[in-house]
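Q:
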Amino acid sequence: MSEGITYHNKDILFKILSQTYKEKSFSAYGLDLPPIRELLPTNLPKISANEKDVDNLFLLEDGTYAIVDYEAEYKRLNKVKYLNYVARVLEKYYKEDGNFNLRLIVIYTGDVKSAEATFETSCVTLRTEQAFLVHIDGEAAFEAIRRKIDSGIPLEDDDLMKLVILPLTVSGSEGKQAMLERVVVLAEQIADEGQRIFALSGVIVASDKFIDREYSEQIRRRINMTKIGQLYEKEKIEYANQKVKETAIKERTEMAMKMLARGIDIIDIMGVTGFTEAELLRLQNGELI
Amino acid sequence: MTKIGQLYEKEKIEYANQKVRENSIKERTEMAMKMLTCDIDIIDIMKMTGLTETELLGLQNKA
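Protein chains in written order, with my numbering: chain Y, 1 to 289; chain D, 290 to 352.
1. For lysine 323 (chain D) and chain Y, any beta-carbon pair shorter than 8 Å?
2. Roughly how many angstroms separate the alpha carbons of leucine 345 (chain D) and glutamate 277 (chain Y), rounded to a whole number?
3. For isoleucine 149 (chain Y) versus leucine 186 (chain Y), is the C-beta distance shorter than 8 Å?
4. Just to check my reading of the structure: lysine 79 (chain Y) and leucine 44 (chain Y) have Cβ atoms closer than 8 Å, yes? What is that Cβ distance to the nearest angstrom?
5. Would the stretch 267-284 of chain Y count as touching the stretch 190-198 of chain Y if we require 3 or more Cβ pairs under 8 Å?
6. Leaving aside the five residues before and after threonine 42 (chain Y) along the sequence, list all residues of the same chain whose C-beta is less than 6 Å from its C-beta, in chain order.
7. Candidates D:Glu311, D:Asp333, D:Thr341: which alpha carbon is nearest leucine 260 (chain Y)'s?
8. Considering only residues of the same chain and omitting the five flanking positions on each side of isoleucine 145 (chain Y), which have a CB-CB separation below 6 Å?
9. Any beta carbon of chain D sitting closer than 8 Å to that of valine 183 (chain Y)?
10. Tell me glutamate 120 (chain Y)'s beta-bridge partners as DSSP assigns them.
11. Do isoleucine 266 (chain Y) and isoleucine 293 (chain D) have their CB atoms nearer than 8 Å?
12. Tell me which residues share the same chain as leucine 325 (chain D) and place their Cβ nearer than 6 Å to its Cβ, disregarding the 5 neighbours each side in the sequence.
13. Indicate the three-state DSSP secondary structure (helix, strand or coil) for asparagine 285 (chain Y) in the structure shown.
14. Just how far apart, CA to CA, sit threonine 169 (chain Y) and alanine 66 (chain Y)?
15. According to DSSP, is cysteine 65 (chain Y) helix, strand or coil?
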């Protein structure tokens, strides 16, 4: 991929998750938060070009906003990054109605056992709420969910929330990637289509920060064979058809203008371009068709 | 956007560009064929469609 290309939050995975995260809870990660009302876009206003997007931004059922960031190591300096996130969320969502609330959740992968939750200076105190996935036995959770799927027992929301972060419970990059692959295979066996799509999208989004580009290509090949792959394919074809249609109209319009400029008979222009007389007259008058 | 999303986005744009190119050639060819049947001057057709005389004569022979 060209490094110069900027990708925005139009990934189909975010579109899916924005609809399917609703009412799910973070309790599976050991966090006491109200249920999720909505997954919000993460392309917040930027003050400088090198600012990163937050990993996830949620609106909770009680109207609180929640920034969720995943970390594979504890760095004190990350608090500066969080302050930047907070400022950008405030810039976008803060309204002077007195009801605004924002929480900052840091979910540490299986690589981190402890971290400082607060950052204090004389002018600001930043409080984070932390979840340590090292406390989740990923292998046991995977087996429990696999047994449910194999037995045809419907999965609970907590199972799904756990499933999407299972790769992050493992320490080390290779371990995470291996677990991600296993979760993708397992998720594809979920009978309920809505749950299947949520699990696949959720695990890819949650693991994205921790997989390299080469491995992304491997996962994509696997995703191609899933329902998510079909959604991407459908989006690709629809986008191409739309572009072809737009370009065809533009080219026919340009051709009609060239023919009009050359004084070619209007009946011939209608025959060649497929435009009506009224459309050609509008073009001649400099109006859009 | 996720890394996987970026791969799909790149594929989507490349696919669309390819389809637009293919369709553009097809459209220009079809319009040139219609112009030939309308007895429009071949130099005008060359200028308007960007096709060469050889290409237009080839089209004329196919029609």
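By construction, the Cβ of each residue, glycine as well, lies at the ideal position given by its N, Cα and C atoms. Here the structure is a predicted model, which means the values were calculated and not measured.
A: If we stick to the structure as given:
1. yes
2. 27 Å
3. yes
4. Not a contact, Cβ separation roughly 18 Å.
5. no
6. Asn9, Asp53, Val54, Leu57
7. D:Asp333
8. Asp159, Leu163
9. no
10. Y:Thr125
11. no
12. Gln349
13. coil
14. 21 Å
15. The residue asked about is misnamed: residue 65 (chain Y) is tyrosine in this sequence, not cysteine. Looking at tyrosine 65 (chain Y) - three-state DSSP - the assignment turns out to be strand.
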